[in-house]
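If you're matching positions, the sequence shown starts at 214 in this note's numbering and goes up one per residue.
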Amino acid sequence: MESNAAGRTWNYLSHLASSTLRSKFIFSLEQFARDLPLAKIHTLVVGRLQTNCYILQSDSTALVIDPGDEPERILRFLSDLKIKPSQIIATHTHFDHVLGVDKIRTTLKIPFLIHRDDLSMLESMQSRVREFMGLSVPPPPRVDRFLADGDSISIGQDTMRVLHTPGHSPGSISLAGRGYVITGDALFNQSIGRTDLPGGDFDTLIRSITDCLFSLPHTVS
Ligand SMILES: [Zn+2]
Numbered sequence: 214m215e216s217n218a219a220g221r222t223w224n225y226l227s228h229l230a231s232s233t234l235r236s237k238f239i240f241s242l243e244q245f246a247r248d249l250p251l252a253k254i255h256t257l258v259v260g261r262l263q264t265n266c267y268i269l270q271s272d273s274t275a276l277v278i279d280p281g282d283e284p285e286r287i288l289r290f291l292s293d294l295k296i297k298p299s300q301i302i303a304t305h306t307h308f309d310h311v312l313g314v315d316k317i318r319t320t321l322k323i324p325f326l327i328h329r330d331d332l333s334m335l336e337s338m339q340s341r342v343r344e345f346m347g348l349s350v351p352p353p354p355r356v357d358r359f360l361a362d363g364d365s366i367s368i369g370q371d372t373m374r375v376l377h378t379p380g381h382s383p384g385s386i387s388l389a390g391r392g393y394v395i396t397g398d399a400l401f402n403q404s405i406g407r408t409d410l411p412g413g414d415f416d417t418l419i420r421s422i423t424d425c426l427f428s429l430p431h432t433v434s
């Protein structure tokens, strides 16, 4: 019974997520037509788990979000577009979101930021990946600063708000800008994120999605 109820909840939320994201996407296209957004979002799919790395650009400033692997490719992309990022942010610290951080951080000499509640997961990255995936990965990158719920991040003339959206991991964050929200692995187009990994919690994720992400107004800035 319980698993049927969980399955129904899952299906309902997946449907809700899909239609909500679709409406946000349509809204963002309308917004483009009426009023050009200040930040451009470039997406690079990186690494063996095909993680979305986002480059948010406003004029010549930028943020690198979730550089999960292939740092040389990300650096080449930034250089080709003559973009100088000011910081690197991970929406959470699963290895497929942070493997490219160290190279970009040291090459460009820019800080790396996460939510404090994901620090212990980052620090135990090597042993966890070895235990759960049988893979060997380099030591975790150094964290320069912590982000907290409600923080604002400036990028050019645009501002993003940090939302603490735990559940996929304890320190998962989403980043809400004008007309978009980057949710990391909390929410996908057709589903919600996994909660069976260490530190994950299904009820917490559902609360983050329903109370926080779904309550964002259409103009999320
Ligand atoms: Zn993840």
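Just so you know, even glycine gets a beta-carbon here, dropped at the ideal spot from N, CA and C.
Any idea which residues DSSP pairs residue i with across the strands?
| i | result |
| --- | --- |
| R374 | S365, A389 |
| A275 | Q270, P298 |
| V314 | Answer is none; V314 lacks a bridge partner. |
| F415 | Bridge partners of F415: none, in fact. |
| F325 | I301 |
| P359 | The amino acid occupying residue 359 in the given sequence is Phe; Pro does not appear at that position. Partner(s): I327. |
| I405 | L400 |
Using CA atoms only, rank isn't needed, just tell me which of the options is closest to residue i.
| i | options | result |
| --- | --- | --- |
| V342 | I302, S365, D309, D315 | D309 |
| R358 | I368, I323, E344, P352 | I323 |
| S367 | H307, T319, P298, S385 | P298 |
| D362 | S404, S387, I268 | S387 |
| T256 | F290, D272, S273 | F290 |
| S271 | P284, I287, A252, D279 | A252 |
| L321 | R407, I327, I301 | I301 |
| P352 | L294, S273, G313 | G313 |
| V356 | T372, I327, S333, M334 | I327 |
Do you know how far the Cα of residue j is from the Cα of residue i?
| i | j | result |
| --- | --- | --- |
| L234 | C425 | Residue confidence for L234 is low, a pLDDT of 47 falling below 50, so the modelled location carries little weight and cannot support an answer. |
| Q339 | Q370 | 38 Å |
| D331 | A275 | 23 Å |
| I239 | Y393 | Caution is warranted here: a pLDDT of 38 is assigned to I239, below 50, making its placement in the model unreliable, and the coordinate value is therefore given only provisionally. Straight-line Cα distance between these residues: approximately 11 Å. |
| L468 | N265 | A question about residue 468 goes unanswered here, because the residues of the chain that appear run from 214 up to 434. |
| S421 | M346 | 27 Å |
| L376 | S349 | 32 Å |
| I268 | I278 | 6 Å |
| H307 | S385 | 10 Å |
| E243 | G390 | Confidence at E243 is low in this model, with a pLDDT of 45, below 50, so its placement is unreliable and the value that follows should be read with caution. Using only the alpha carbons, I get a separation of about 16 Å. |
| I405 | D282 | 23 Å |
| M373 | I254 | 13 Å |
Hey, is the stretch 251-263 in contact with the stretch 398-408, meaning 3+ C-beta pairs nearer than 8 Å? no
Counting Cβ pairs closer than 8 Å, one from the stretch 371-386 and one from the stretch 407-415, do we hit at least three? yes
For ligand 1, which residues count as neighbours when the test is a C-beta closer than 5 Å to any heavy atom? Residues flagged by the Cβ proximity filter: H307, D398.
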